Amino acid sequence: MTASNVSLRSQPRLAARSSAIDGQFDLLDFYTDDGFAWIEGDHGFVASGVATVVTLEHAAELLATIRHRAGADVSESAGPRAVGALPFAAPGELVVPAVILGRDAHGRAWRTVIDDVEATPARSAARRPEPSQFGVTATTTHAEWRSMVEHALRRIDRERLEKVVLARSVRIDADLPFDIPEVLAFLRRAQPGCVVYADRGFVGASPELLVRKSGATVTARPLAGTGIDPAALARSTKDAHEHQLVVDAVVRALATRCGDVVATGPATLELADIAHLATTITAHAEDTATTIADLVATLHPTPAVAGTPRELALETIDALEPVGRGRYAGPCGWIDRNGDGVFVVALRGGEIDGAHAVIHAGAGIVSASDPDAEWLETQQKLTPMLQALVRP
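With the first letter of the sequence shown counted as 1, position 27 gets the number 579 in my numbering; the numbers rise by one all the way through.
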């Protein structure tokens, strides 16, 4: 039974309790392969089990019906949430986990349980045997990529299309199943400044904040424009144009839901192995009924992962990309019973199924784009997940 196909009133009312716990543990020790993980530096949470599922649209409403008890010493972050990574091009559903273990930015650890469930077992200390032999296959050849980009450039030249983001995928086949917690631990070490996430086999480390809402405060940080040399990136006219298209679209979208929309940037965001142009956009949610779900629905997909105009860009993606995106570049995050939460754009990630994985990377195509330079950009973006998975 899901909230997407029945009335919320017809569902049994859930109850949750939150308690403070000793924070001397690694969150990833409690990650289960069918669960959810959200790691922001030294804080975040892991979740397991399924109390119910719900659409993004109805998540805040359903969460507000859950009876929640919490002691006075419990972090304000504690409580039931709906979590998940949604498909790029389809609605999808979020999970309300049965158990959440979290640590807030002040180091306070907490546990939230829906109804009565057994204690969450820690991951076994015995490490799984890791794969040591790999086959790596690009599902799009360099020549096919060039043809895709050239086709997009013709559309930009002849039609109203200003920008389209094209993605390609790589398949990795290993001799043994991948150990997802080990992949997450590698990404946590190797990708500082990113949110490390996992949702039922979909794993990655995203640098791009789609939107965060805390009370009336709303923040977005779109990224567009990519390079290895930060100084050269800051001087690039082509990347500045690509970035401004994204910023303008995000500002317009937030202005339909919020007031006091202010864009600060761009600035060069330097990550472990790549740099991006980034603009921080803040706004004020003037309507108290506005939730993070409303903002996600308004913003996704931004020109950072689709293009502009949106519908023409999506039509171009459907026509040119040979492999469906699945959850790549979709919204990934969580929402709480107050309608607050955080969603990133699910980048630098891939779907892991036992000993097989498919990873994606995209590049924004504008009038000044060069197919070979865009191919190199996708190689750079594929590197974090390739390094996390292919470790002889």
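For every residue, glycine included, the Cβ atom is placed at its ideal position computed from N, Cα and C. Since the model is a prediction, treat every value here as computed from it, not as a measurement.
Distance from the CA atom of Gln931 to the CA atom of Arg943, rounded to whole angstroms, is 17 Å. Leaving aside the five residues that flank Ala726 on each side, the residues in its chain whose CB is nearer than 6 Å to its CB run, in chain order, Pro683, Phe686 and Ala907. The beta carbon of Pro729 is closer than 8 Å to those of Arg680, Pro683, Gly906 and Ala907 in its chain, skipping five residues each way along the sequence. By the Cβ neighbour-count rule, Val770 is buried, with 16 or more other Cβ atoms within 10 Å of its own. Between Thr604 and Pro874 the beta-carbon gap is near 36 Å, outside 8 Å, which marks them as no contact. Thr778 and Phe895 have their C-alpha atoms roughly 21 Å apart. Distances from the CA of Gly859 to each of Ser629, Ile780, Ala704 and Ala909 were compared; the closest alpha carbon is that of Ala704.
Sixteen is the threshold: when 16 or more other Cβ atoms of the shown chains lie within 10 Å of the Cβ of Gly882, as they do, the residue is buried. If you check the CB distance, Ala824 and Gln743 come in under 8 Å. Leaving aside the five residues that flank Val798 on each side, the residues in its chain whose CB is nearer than 7 Å to its CB run, in chain order, Pro774, Ala776, Thr854, Pro855 and Ala856.
CA-CA distance, Phe577 to Arg720, rounds to 38 Å. Glu613 and Ala599 have their C-alpha atoms spaced approximately 20 Å apart. In this structure, the alpha-carbon of Val802 lies about 7 Å from that of Leu851. With the rule of 3 Cβ pairs closer than 8 Å, the region 623-631 does not count as touching the region 576-594. One Cα belongs to Asp656, the other to Arg706, and the distance between them is close to 49 Å. Beta-bridge partners assigned by DSSP to His793: none are found. At least 8 Å separates the beta-carbon of Gly756 from that of Asp585. A residue is called buried once 16 or more other Cβ atoms fall within 10 Å of its Cβ, and Ala642, having fewer, is exposed.
The beta carbon of Val747 sits closer than 6 Å to the beta carbons of Glu592, Ser758 and Val896 from its chain, once the five residues preceding and following it are set aside; these are given in chain order. By DSSP's assignment, Tyr749 forms a beta bridge with Trp590 and Gly756. DSSP, reduced to helix, strand and coil, places Pro632 outside both helices and strands of the structure shown, so it counts as coil.
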